[in-house]
Structures are given as structure tokens and as C-alpha cells.
């Protein structure tokens, strides 16, 4: 087992990793940028080193600096967390070349799954269903011809892409050529590679992903699914398991497909296979994420497996301590992401000081947080402050628990959050019925149910609180004075300098 | 006794009067008068007991005050909602609401760092032209000219970190 691990990340996930290491008796080394000098993860680790100025490109993304710190402190392994360098094959290789263990899959698997077209090719060879498409390197005319059998609507997608860039929806054949050219331009600008491919647009789709875990002995299992259809601008907001639309038969079929996908790249460690599921119950491979994911806690709560500790154990060469038959789902778990963004201001990011952070607690309530009262939220990193995860007996129970937890979650300061927005989502009938697809938030919820607080009159109790707090702070020196002051120049209790007893006069 | 005024984001003003009594405070808002006992816990938590003896409701609140682009703001949390109040006084004539964008002024829509400035003082600009790009948390926002005109004043530089509502550019 490792004796010391470098935590190559920050914020909430760094804390999560450090906690797992502590539980396993493994020492930790944290890294931080100048903006994060007082961040929680720095103080929780056994050692910490500053690796540069605030911008990630000058700190958390600097492969050389991270390797130097790992070697300097005598680490034997590196955990990349998620985001940053976690899916960077060069980083994985650099860690290995330095004689350290990269806690994740091998660089080859990262590379293959990092290219959407290479991943599709591998999946087709492994008989994993993929979204019907066409990806041969071809000229515009060949692409146009390939569109006919795929059918409309379809997507033109950048091969090297992500985050919705280099993507165009095409509903009519006559729009195809201009869409291809426009996507190629955007892809060239964003990724330096103008290769595009075509993919059928699966409408009214549910985004359902499967957690997989493989050991170095070749065993690969799935730990069931997560449903991630509540999204806004391709950013996940709420994730849950089990998915309300899967029955046991479909779950089993998809689970096997996820394992086959992982086997196709000799996958080791934690990963997630993403699928789109349409109205007919047909599912298609979308992509694979070769790292631990933000929403991993919902899987942990229903299976009882600590995924991070399992990652560390398999990276250290241990075989998986469970087989597929050992794994079951119990109850229902839902996670929501607490973002430093302002739903009353177009969800634009909000930065600054956190005056008050009071997290909810209670049975079945878990908060994976990166912040405490007094922390500063800077503009250099992503806006996720924490994750609130609940585990209930069933979906309705979990939603009620989530609603109560959100109602007692206090985050106040210069930073504003999406907590009230999440609470409103919990109340929505469509969300409660599980009847939501990936465009639910933007097309239905925002237009009908969501009402920003700045259009609602505050209740009198709020105004009373505001006025009294102003009143009390103005009058605090006049209230509760019980000790009479003597006004004597020689009274030692009035003196603001120090004095020694029995040694001459006061100075 | 003291008077407090709050401009609400809905552009109306409310007057709250506070008078200490032997058992707490008497707070009047419009036609309603409340009897209130209040306990401040730490610097941000205010527990209230509202109502007559034997009929009191308990209310736990959290309060944070801050200054944004020169204006004082008070956030009050109660029962899962956060209300944003703007303390003001009765005399000052303000144009109400959050930092309003009067014609010819460009204010920061979000806090962030000025990534690029596309104009200079004296530049001629047209309605909708991008003047400045702000960046925060991996998001870019373009600030555009609300009218045709000439840039009279630029109050920021590339690399500056600005607050929400901060006045950045003036156009005539």
C-alpha cells in the first residue's frame, strides 16, 4: 500500500481524497496556488506546497511542478481527482516516468477515450451500441452523402471537441453544408483541429451513465447507473440513482455494455461510461470519462462502496474486494451541486467572501464541501462550492430529504448561490415524477416555474430581522452595561498598558 | 427609536420603525406593529421571537452585510430563502433597484477580470458593438454599447478585477 500520495487538485475533491487517505493511514501532500493559501484542503493535508500564482495554467495544470513536489516529498502515488489533469494522458505518463503510480487508468485508455472518434471506433468493434453516425475523414460531399442514412435531425460534432463547442444541430438537408463549414471553423479555433463527424441527434434523451471499476488483475464490474438529466447549458445540476426510467432488464443490458466498453480498452481503476437513452428504451454509447466523477457520491450511498478508497487499493495492486454479484443498489440517492452563481442574474458567476456557511446535517444527509465560513471564492476556478447528497428509502423520500436539507443550507456573503433555485426544482411536478430529459431546465422549468427572488416582496419577518440587526449593531456599545466605570486615572483596570504589581509606579 | 429604509429590488422603498420597549422591541412596518425579542448569536445569526406573549413565532435568521460597487447590501436568510435588501435613507434620491444602467454607462454584469478592452477614450462606437470582455470562473461575458456614440471615459484596465455593478465605461 502507498505511504504517501500527492493530491493533484483543489477544493471539494481534494478534501474528499485527503479524507480517504487519512482513513487508510496514508500521508498526503497538497498543492495550492497563491489564491488558495488559506483553502481547506491545504490545512487538512499533512504537508502542502505552493506551486504558483492563481491561474490554473500557472499552478494546478503545471505537470513539471506537480511531479517535482511529489518526488520532493517522497510520494509514491499521485491522485489527479477530476478536472485539471485527470484526463491528460501526458500527465499520467509523466507520473509513471517519474517512478510514481498514477491513480487512474493507463495513459493509452485515456488517449483512446479522449478522442470521440477513436472511442466510437473501439465501441463499434466491441459491439457496444453507438449513436448512428459517420466519421470517416472525408470531404464535405462525402459527409453530405453520409447524412442521408443517418437521418435528420443530426449533429455535426468536432472530433477533438467538448463542452458543446464545434457542434451544430441540423434539421434540414439544405442546412447541412453550411453547418459543417461553421462547425469546422469553430473547431479549428477552439481545438486546433477542424475534423468533424456526424451523429444522429437523439431527441428527448435521458443521459444515463454507468460507474465501472477495474483492477489490475483484469476484473471489471459496474456499480450501476446515475441519471444526469437535470442540466443547464450542458452543466449538470442534479444527479441521482437509480434512474427512474430503467427497469432491471435494461439496467442489466446497459451494465454489461458498460463493462464491455471498459474491457475494450483494458480499463483499470474508476471510470464512467455515458449513454443516451431514447423513448424506445434504445441506448447508445456517448463517451467514456476516464476518471472519478463529481457525482460519484450517489453511487457510494446506494452501494455502500467507497469509490476513492477502492481506487487507491486497485492502484496499489489489490484485486477488487467484490464481484458483480456482490453489488446491489439500496434506496435512492440524489446529489445537487451548490454553485457560486446568481440565478437572479442569469446564473452569472459570483465571487467574494463567504460570511456564513452552515451546512445541513442529519440522517442520510452528506455534504462534500470545499468551503467554510470566512473563505474567499476567487474567479480563477470553477464555481462549484459543495455537493449536497441525500440518501432516502425511495425517490420520493430522497426528494423530501433534499428539500429539507436545502431549506436549512445557509450560504451568505458576497457570494450568492443556486440553493433557492435547487429548492424550487425539488418542488417541480415534472422533476418529482422523474419525467425530465436533458433540456427540461432550459425549456420548461426556467420559462414557467422559476421565479427569481428579486421580483418577490420580502415578508415582514425579513424586514424585522434586517432592521433589528442594524439597530443592534448601532447600539451595541450602549446595551448591557453592567460594570460601572470608576473614571479614575489610577484604576489599574482602566489602564491600557501593562503593569507589574509591587514594582513602583505605573508606567 | 430609529427608522430604517430599504429599497427592494422591485424598486419600491419600505420604512421600518424600531422602538425599544421594556421587554424587547416594537417594530412597525406600514400598518403592522410587531412585538419582537431578538438575540444576536455571533456576528451573523439573529434569532427572533415575534408576537405577543403566549403567541410567539420563532424565527431564525442569518444576516450578512456587504458593499457592492459603493452600495450597501444586506442579505437576510430565512427559511431557505435569501432576500437581498438595499438599506437607504429617506432623504437620498436614488434611481432605485440594483445598479441601474442609465443610458451611456456600461457596468459590470458580473464580478470578474477584464480580459480585453476593445475601445479607447475617444473611440466611436455603434449600438451593440462589443466594448469589453469580462472573464470569471471559465465564463466570458461581452459588454456591448447600448447606443451609438463616443467613449468618453474608461474606468478600468486589462487585468483589473471588478465588482458586479462597477462602472466601467461611459459613452455619450
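Protein chains in written order, with my numbering: chain A, 516 to 1022; chain B, -4 to 167.
A virtual CB, placed ideally from N, CA and C, is assigned to each residue, including glycine.
Collapsed DSSP secondary structure at residue 845 of chain A in the structure displayed: The count along the first chain starts at 1 and reaches residue 845 of chain A at position 330. Correct three-state label for residue 845 of chain A: coil.
How far does the beta strand (DSSP E) with residue 0 of chain B in it extend, from its first residue to its last? If you number the second chain from 1, residue 0 of chain B lands on position 5. Here the beta strand (DSSP E) through residue 0 of chain B covers -3 to 2.
Considering only residues of the same chain and omitting the five flanking positions on each side of residue 779 of chain A, which have a CB-CB separation below 6 Å? For this step, residue 779 of chain A is matched to residue 264 along the first chain. These residues qualify, in order along the chain: 637 and 641.
Is there at least one Cβ from chain B nearer than 8 Å to residue 995 of chain A's Cβ? Looking up residue 995 of chain A in the first chain gives position 480. In this prediction, residue 995 of chain A scores a pLDDT of 43, lower than 50, which makes its location untrustworthy; no coordinate-derived value is stated.
Cβ of residue 45 of chain B within 8 Å of any chain A Cβ: Translated into positions along the second chain, residue 45 of chain B becomes position 50. Yes, its Cβ sits closer than 8 Å to a Cβ of chain A.
Among B:7, B:162, B:163 and B:-4, the one whose alpha carbon lies nearest that of residue 83 of chain B: Mapped onto the second chain, residue 83 of chain B falls at position 88. The shortest C-alpha separation from residue 83 of chain B is found at B:7.
Touch test, the segment 140 to 157 of chain B against the segment 98 to 106 of chain B, Cβ-Cβ under 8 Å, three pairs minimum: yes
Classification of residue 906 of chain A by the beta-carbon crowding that lies within 10 angstroms, buried from 16 upward: Your numbering for residue 906 of chain A matches position 391 in the first chain. Looking at its Cβ environment, which holds 16 or more other Cβ atoms inside 10 Å, residue 906 of chain A is buried.
Given residue 121 of chain B, which residues of its chain have a CB within under 7 Å of its CB, disregarding the five upstream and five downstream residues? Working through the second chain from its first residue, we reach residue 121 of chain B at position 126. So the qualifying residues of the chain are 140 and 143.
Nearest-angstrom Cα separation, counted from residue 61 of chain B out to residue 162 of chain B: For this step, residue 162 of chain B is matched to residue 167 along the second chain. For this step, residue 61 of chain B is matched to residue 66 along the second chain. Taking the straight line joining both Cα atoms gives about 18 Å.
Bridge partner(s) assigned by DSSP for residue 626 of chain A: Along the first chain, one-based indexing puts residue 626 of chain A at 111. BP columns for residue 626 of chain A are empty, so no partner.
Give me whichever residues DSSP pairs with residue 737 of chain A in a beta bridge. The residue you call residue 737 of chain A lines up with position 222 of the first chain. In the DSSP output, where bridge partners are listed per residue, residue 737 of chain A has A:727.
Pull up the DSSP beta-bridge partners for residue 563 of chain A, would you. Reading the first chain from its first residue, position 48 is the one you call residue 563 of chain A. The partner list for residue 563 of chain A (beta bridge, DSSP) reads A:545.
Quick check: what's the CA-CA separation for residue 875 of chain A versus residue 857 of chain A? Along the first chain, one-based indexing puts residue 875 of chain A at 360. Along the first chain, one-based indexing puts residue 857 of chain A at 342. Distance between the alpha carbons of residue 875 of chain A and residue 857 of chain A is about 21 Å.
Contact residues within the segment 45 to 74 of chain B, judged by C-beta distance below 7 Å to chain A: 45, 54, 56, 57, 58, 59, 61, 69, 70, 71, 72, 73 and 74
Minimum Cβ-Cβ distance from residue 555 of chain A to chain B less than 8 Å: Position 40 of the first chain, counting from 1, holds the residue named residue 555 of chain A. No, residue 555 of chain A does not count as interfacial toward chain B.
Along chain A, in chain order, which residues have C-beta atoms closer than 9 Å to that of residue 77 of chain B? The residue labelled residue 77 of chain B in the question sits at position 82 within the second chain. Chain A residues near residue 77 of chain B: 925, 926, 927, 931, 932, 934, 935 and 968.
Where residue 101 of chain B meets chain A, residues with beta-carbon distance less than 9 Å: As a working note, residue 101 of chain B is residue 106 in the second chain. Those within 9 Å of residue 101 of chain B in chain A number zero; the least Cβ separation is about 15 Å.
For residue 668 of chain A, is the classification buried or exposed, using 16 other Cβ atoms within 10 angstroms of its Cβ as the cut-off for buried? The residue given as residue 668 of chain A occupies position 153 in the first chain. Exposed, since its Cβ has fewer than 16 Cβ neighbours within 10 Å.
Using a C-beta to C-beta distance shorter than 8 Å, which residues of chain A count as neighbours of residue 36 of chain B? Stepping through the second chain from its first residue, residue 36 of chain B is reached at position 41. Residues of chain A passing the Cβ test: none, with the nearest at roughly 11 Å.
Can you name, in chain order, every residue of its own chain whose Cβ lies under 6 Å from the Cβ of residue 753 of chain A, other than the five neighbours on each side? Residue numbering aside, residue 753 of chain A sits at position 238 when the first chain is read from its first letter. Closer than 6 Å at the Cβ level, and outside the excluded window around residue 753 of chain A, lie 745 and 851.
Using only the alpha-carbon positions, how far apart do residue 837 of chain A and residue 648 of chain A sit? Within the first chain, numbered from 1, the residue matching residue 837 of chain A stands at position 322. Within the first chain, numbered from 1, the residue matching residue 648 of chain A stands at position 133. Distance between the alpha carbons of residue 837 of chain A and residue 648 of chain A is about 37 Å.
Can you name the residues of chain B whose CB is closer than 8 Å to the CB of residue 973 of chain A? Along the first chain, read from residue 1 onward, the residue named residue 973 of chain A stands at position 458. Here the neighbours are 3, 71, 78 and 80.
Rounded to whole angstroms, how far is the Cβ of residue 781 of chain A from the Cβ of residue 830 of chain A, which I believe are closer than 8 Å? Stepping through the first chain from its first residue, residue 781 of chain A is reached at position 266. Stepping through the first chain from its first residue, residue 830 of chain A is reached at position 315. Their Cβ separation, rounded to whole angstroms, is 15 Å, which puts residue 781 of chain A and residue 830 of chain A out of contact at 8 Å.
Using the Cβ count rule (16 or more neighbours within 10 Å means buried), how would you classify residue 769 of chain A? To locate residue 769 of chain A, count along the first chain from 1; it is residue 254. Counting Cβ neighbours within 10 Å, residue 769 of chain A comes out buried, since at least 16 surround it.
Quick one: grab the DSSP three-state call for residue 536 of chain A. For the purposes of this step, residue 536 of chain A is taken as residue 21 along the first chain, with counting starting at 1. Residue 536 of chain A falls in the helix class under three-state DSSP.
Rounded straight-line distance, which links the Cα of residue 662 of chain A to that of residue 73 of chain B: Walking along the second chain from the start, residue 73 of chain B turns up at place 78. Walking along the first chain from the start, residue 662 of chain A turns up at place 147. Taking the straight line joining both Cα atoms gives about 55 Å.
Runs of alpha helix (DSSP H) lying entirely within the segment 822 to 866 of chain A, each at least 4 residues, in chain order: 822 to 830
Thinking C-beta only, is residue 146 of chain B closer than 8 Å to residue 123 of chain B? For the purposes of this step, residue 123 of chain B is taken as residue 128 along the second chain, with counting starting at 1. For the purposes of this step, residue 146 of chain B is taken as residue 151 along the second chain, with counting starting at 1. Cβ distance not < 8 Å, so residue 123 of chain B and residue 146 of chain B don't count as in contact.
In chain A, what lies closer than 7 Å to residue 141 of chain B by C-beta? Here residue 141 of chain B refers to the residue found at position 146 of the second chain. Correct list: empty, because the minimum Cβ distance to chain A is about 17 Å.
What residues from chain B crowd round residue 860 of chain A, counting only those whose CB sits closer than 9 Å? Residue numbering aside, residue 860 of chain A sits at position 345 when the first chain is read from its first letter. By Cβ distance, chain B contributes 93, 104, 105 and 159.
Residue range of the unbroken beta strand (DSSP E) whose run includes residue 683 of chain A: Along the first chain, read from residue 1 onward, the residue named residue 683 of chain A stands at position 168. Taken as a continuous stretch (DSSP letters only), the beta strand (DSSP E) holding residue 683 of chain A covers 683 to 685.
What does a CB cutoff of less than 7 Å around residue 47 of chain B pick up in its chain, not counting 5 residues either side in sequence? On the second chain, position 52 is the one that residue 47 of chain B refers to. The residues are 30.
Could you list which residues in chain C have their beta carbon closer than 9 Å to that of residue 897 of chain A, in chain order? Among the protein chains of the structure shown, namely A and B, there is no chain C.
Under three-state DSSP, which class holds residue 164 of chain B? For the purposes of this step, residue 164 of chain B is taken as the residue at position 169 of the second chain. If DSSP states are grouped into helix, strand and coil, residue 164 of chain B belongs with the strands.
Closer than 8 Å by C-beta to residue 1023 of chain A: which residues in its own chain qualify, once you throw out the five before and the five after it? Chain order, please. Absent from the model: residue 1023 of chain A. The displayed extent of chain A is 516 to 1022, so no value can be given.
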